[in-house]
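J.: Straight run, no breaks: the sequence shown in full-length UniProt numbering ends on number 51. Glycine included, C-beta positions come from ideal geometry on N, C-alpha and C. Owing to the predicted nature of the structure, the values given are computational and were not obtained by experimental measurement. One structure follows; several queries about it will come next.
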Amino acid sequence: MDEDISIILPSNSLRMIEEAAAISGETVSQFILRSAYECAIEIVENYNNTY
1 MDEDISIILP
11 SNSLRMIEEA
21 AAISGETVSQ
31 FILRSAYECA
41 IEIVENYNNT
51 Y
């Protein structure tokens, strides 16, 4: 899981992520992991409700 993953984001995305992390009182890494986890839960729940 410690591999580099390249993605293309809008130019202001890092600033937005940093700002959201600061507002939520998290580090950028914590914010990204929590957000990804919340998205994963939503995707799995939607999938399970569909199939």
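Taking the continuous alpha helix (DSSP H) assigned at residue 88, which residues delimit it?
T.: Nothing in the structure corresponds to residue 88, since the chain is present only between 1 and 51.
J.: Where does L14 fall in DSSP's three states?
T.: Correct three-state label for L14: helix.
J.: By how many angstroms is the C-alpha of I8 removed from the C-alpha of S29?
T.: C-alpha separation (whole angstroms): 18 Å.
J.: Residues in its own chain within less than 7 Å of S24 by CB, not counting five upstream and five downstream?
T.: Answer for S24: F31, listed in chain order.
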